[in-house]
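These notes are about the structure you will find just below.
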Amino acid sequence: MKHGSALLLVAIAAGALALVPLLAPPFYANLLVPFYGYAIALLGFNLLFGYSGLLSFGHALFLGLGAYTAAVVAGVWGIKEFEVALLAAALAGLIVALPLGWLAVRYRGIFFGMLTLAYGMLAHAVLFKFYHLTGGDSGMRVPRMHLLGLEFAAYNKIELLAGPFYYYCLTLCALAAFLMWRIVRSPFGLHLRSLRDNAQKAEYLGVRVHQFRLAAFAISGIYGAVGGTILGFRTGLADPELVYWTHSGHLVFMTVLGGFSSFLGPVIGALALTLLQDQLQSLTQYWRLVLGAILALVVIFLPRGLAGLAIDVSLLLGRRSAPSTASTTETA
Amino acid sequence: MPAAISAIANVLIGGIFHAAVLFLVAAGLQLVFGVQKIVNLACGSFYALGAYFGITLVNFGLGAGLPDWTLLPLLVLAGLLMVVIGPPIERLLRAVYDRDESFQLLLTFALVLMFQDIFRLVWGANPRSLNNVHLVYGKWTVGDFSVPVYNLLVIGAALLTAFLIGLFLKHTTFGRLLRATAENRAMAEALGVNVRAVYAAVFTLGTLLGTLGGALVVPTAAASLDMAVEFVIEAFAVVVIGGLGSMPGALAGAGLVGLIRAGALVLYPEFEILAIYLIVIGVLLLKPSGLFGKPAA
C-alpha cells in the first residue's frame, strides 16, 4: 500500500463514517459514539505500547479520569460547556499522568505492566470506597452538555448522540488522529521507536530515555482522558467499572485485535470490537466466550492484527500487478 | 477472655483464613511465573472453577447419602479432579512461549473471558453457595471468641501445602530440575532437561493449587461470576509484595495482604483495598523484586 492509496482509504472510511447518521437508523450512530471515545484513547495508548514498547495494563484509569472530570465539571460545578469538560479532562490527564509516569517510566516489560495495573486498581479502590466523594459503585452522573455553545434543546438524548454529538466526536477523533500522526512522524516519535528497539544504544547516542518515555506517558494520559469524556457523556455516567482492570484489558484487546504495529491498527480494533460485541450480544448471552476465543485466535495466528492482515492482503494483490515495497503505515 | 482480645482474635483468624486461601492461588501463580515466565491471569478462573465444581460435587455426594463429614475430602477431590483442564490449557499456551510477554498476558486474559461464560453456561448467573455445611465439624469456642473448625482445617491444609511444596522443590529430583529450569532455561535444556515436560508439570501443578484453593473456600463464601477477576487481582498483589516467582514470598505476601484486609475492615473500611495497592506500588517502586524475590535482571 503506497502512501497516497493509504490516505485515500482513510478518506473513504471517514466519509463512510460521516454518512452513518444520514443513512442508517440512529441506533448505529449511537453505537459508534463510544467507538470514537475508544479510538482517541487507543491512539494515545498505542504511543506507549506500539511506539514505545511499554504495555500499560491500567490505562482505563485515564478513561475513568476523563468521565469523572466531566461529571465534576458539568454535574458538580454546573459548567455545561462540553469544551470546558474536554479541556479540564485533558488537563487532569496531564496532571495525573506526570507523577504516575515519572514513577513508572523507570521500568519496562512486566514491571511497567504491573505498576500500571496497580495504579488502575488503586484508582478503583478510591472511586469505589470513598462513597461521599465519588458516589461509590453507583458512580457520578454526567449531565447533558452544550456543544460549541449550542444547547440543541429540540433534540432528545438519542437524537443528540446520533446527530450533533456524533459529528462532534468524528471531528475530534480526526483531529486527534492527525495530531498523533504528526507526533509519531516527528523526531520525537523516532526517538521513542529507537528506545523501544534498543534503549541502551539509544541512550548511548544521547537520547534521554526517561524524559521521552514520560512525555509519551503524559500524551497517552491526555488522549485517554479525552476519550473517557466522550464515554461519560454518552452513558451519562462515570462509574468505577470504567477503571477496573478488565476494562484496561479490553483496551489492550482492541489494540492487538486491530494491530499495534500499524498507526491506525488500534482504531480499526476499536471499530471491529464495538461492532463485533454489538452483534454477539444480540445473538447470544455468551458473547464473552466467543470474544475470548477470537482474542485467543488473534493472539496466536494474527499477531499483527487486522491491520497486519490487510497489509499482507494488499501486498499480495499488489505483487500481482506491480512489485511494491513494505507499507508506509507500519511503525516497525 | 476479655471482649477486646476476643474481638482481635476474631479479626486475626479471619485474616489468616483469607491469607491461607490467597496463598494457595498465589503459589500457583508464582510457580508458573517462576518457571515459565508467564503471568497467568487465568489462575483466578481456576480458583472459580474449583469453587463451582466443589459445590456440585458436595451436593452430589451428600445427596447420594454420604455422611456430612466427607465435606472436606469431597472438596479436595473436586480440586484434584478439575486439574484435568491444566494440560490442554498448557498446550494452548505453548503457541506463545516464544512471543512477547504482552501476547502471553493477553492469551490468559482471553481464557478469563471464556471461563466467565463457561461458568455462566454451566452454573448460571446467580451466585451459588453451600448452606453452612461447613459447621459440620463444629466450632471452637473460647469465651466470646468462636471459629468454625472447618476454617482451622483450611488454614492447616494451606500450611501443609506450603510445607510440601517446599519439600518438593528443595529435596526431590524433579524439584531440582524445576528450579534449574527456572534459573536458566537454555542451560537446563542443554544439560538434557525435558523442558517441555517440566512446563507441562509446572502448569498442571499451578492449576491444581488454584482449583484446590477455590474448592476449599467455597463452603464459607458463595461462588460467583466475579470471583475470578476479583481474586486474581488480589493474588497478583500478593506475588508482587512477596516477590515474583518466590515461594516464601507468596507465603509472606499472602499473610500480609490477609491481615491488612482484616485489620482495615475493622479500623477504617475505606482503606481496605486502597492499603493493599499502596503497598504494591510502594514495593514496586522501592524494591521491584519484592520482599523475597531476587533482584530483577
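Note that the protein sequences, when read in sequence, are chains H and P.
Quick note: the first sequence uses my numbering, first residue 319, plus one each step.
Quick note: the second sequence uses my numbering, first residue 492, plus one each step.
Glycine included, C-beta positions come from ideal geometry on N, C-alpha and C.
Q.
Quick test of the definition: if touching needs 3 or more C-beta pairs under 8 angstroms, does the region 348-357 of chain H touch the region 525-542 of chain H?
A. Too few Cβ pairs lie closer than 8 angstroms, so no.
Q) Whole beta strand (DSSP E) runs in the region 624-684 of chain P with 3 or more residues, listed along the chain? A) 630-633 and 636-639
**Q.** Range of the contiguous alpha helix (DSSP H) that encloses H:A378
**A.** A378 to A388
Q.
At a CB distance below 9 angstroms, what residues from the region 583-608 of chain P approach chain H? Give them in sequence order.
A. L583, A586, V587, R590, D591, E592, S593, F594, Q595, L596, L597, L598, F600, A601, L602, V603, L604, M605, F606, Q607 and D608
Q | Contacts of P:Y768 in chain H (Cβ-Cβ under 7 angstroms) | A | Result: A436, M439, L440 and A443.
Q) Can you name the start and end residues of the alpha helix (DSSP H) that P:Q521 belongs to? A) A494 to Q527
Q) Can you find a C-beta in chain H that's less than 8 angstroms from the C-beta of P:R687? A) no
Q: Grab the span of the alpha helix (DSSP H) containing H:A611 for me, first residue to last.
A: W605 to F619
Q) Does H:K398 have its Cβ less than 8 angstroms from a Cβ in chain P? A) Taking Cβ atoms only, chain P never reaches closer than 8 angstroms to H:K398, which makes this a no.
(Q) Any C-beta of chain H within less than 8 angstroms: which residues of the region 707-729 of chain P qualify? (A) The residues in question are V720, I724, F727 and A728.
Q) Rounded to a whole number of angstroms, what is the C-alpha to C-alpha distance between H:L488 and H:T434? A) 29 angstroms
Q | P:S780 in three-state terms, based on DSSP | A | If DSSP states are grouped into helix, strand and coil, P:S780 belongs with coil.
Q: Would you mind stating whether P:V574 and P:T695 have Cβ atoms separated by less than 8 angstroms?
A: yes
Q) Does any residue of chain P bring its CB to less than 8 angstroms from the CB of H:T649? A) No answer about H:T649 holds up, because its pLDDT of 49 lies below 50 and its placement is not dependable.
Q. Enumerated in chain order, which unbroken segments of the beta strand (DSSP E) with a length of 3 residues or greater are wholly contained in the region 439-523 of chain H?
A. none
Q | Pairwise C-alpha distance: P:N531 and P:V689 | A | 17 angstroms
Q) Can you name the residues of chain H whose CB is closer than 8 angstroms to the CB of P:P779? A) Y425 and F429
Q: Could you please give the first and the last residue of the uninterrupted alpha helix (DSSP H) stretch that includes H:T573?
A: Segment W563 to G576, the alpha helix (DSSP H) holding H:T573.
Q. Can you tell me the Cα-Cα spacing of P:E680 and P:V693, whole angstroms?
A. Computed Cα separation, rounded: 16 angstroms.
Q: Kindly give me the distance between the Cβ atoms of H:L361 and H:A494, rounded to whole angstroms, as I take these residues to be in contact under 8 angstroms.
A: 6 angstroms
Q: Could you tell me which chain P residues have their CB closer than 9 angstroms to the CB of H:Y485, listed as they occur along the chain?
A: Going along chain P, no residue has its Cβ under 9 angstroms from H:Y485, so there is no contact; the nearest lies around 33 angstroms.
Q) Does DSSP classify P:R590 as helix, strand or coil? A) coil
(Q) Can you tell me whether H:Q518 is buried or exposed? The criterion is at least 16 other CB atoms within 10 Å of its CB, across all chains shown. (A) exposed
Q | Beta-carbon neighbours of H:F571, restricted to chain P and to distances below 9 angstroms | A | L597, F600, A601 and L604
Q) What residues from chain P crowd round H:A543, counting only those whose CB sits closer than 8 angstroms? A) Within chain P, no residue comes near H:A543; the closest Cβ sits about 20 angstroms away, beyond 8 angstroms.
Q: Starting from H:R426, follow the alpha helix (DSSP H) in both directions and report where the run begins and ends.
A: From DSSP, H:R426 is part of no alpha helix (DSSP H); its letter is neither H nor E.
(Q) Can you tell me whether H:I476 is buried or exposed? The criterion is at least 16 other CB atoms within 10 Å of its CB, across all chains shown. (A) Classification of H:I476: exposed, given that the 10 Å Cβ count is below 16.
Q | Simplified DSSP assignment, three categories, for H:L555 | A | strand
Q | Cβ of H:T606 within 8 angstroms of any chain P Cβ | A | Here residue 606 of chain H is Arg; the residue named in the question, Thr, does not match the sequence. It does: the Cβ of H:R606 has a partner Cβ on chain P nearer than 8 angstroms.
Q: Determine the contact status of H:M498 and H:L381, defining contact as a CB-CB distance below 8 angstroms.
A: no
(Q) Quick check: what's the CA-CA separation for P:L699 versus P:V523? (A) 12 angstroms
Q: Have a look at H:E559, H:G583 and H:F571 and flag the residue whose alpha-carbon is nearest the alpha-carbon of H:A385.
A: H:E559
**Q.** Cβ-Cβ separation, P:F722 to H:G567 (assumed contact under 8 angstroms), whole Å
**A.** Not really, about 15 angstroms apart at Cβ, beyond 8 angstroms.
Q) DSSP beta-bridge partners for H:E399? A) Residue pairing of H:E399 in beta bridges, as defined by DSSP: H:H464.
Q) Assuming H:G623 and H:L575 make a contact with CB atoms under 8 angstroms, what is their CB distance in whole Å? A) Contact annotation, H:G623 with H:L575: C-beta distance approximately 6 angstroms; criterion of less than 8 angstroms satisfied.
Q. Per DSSP, P:R619 forms a beta bridge with which residues?
A. P:A714
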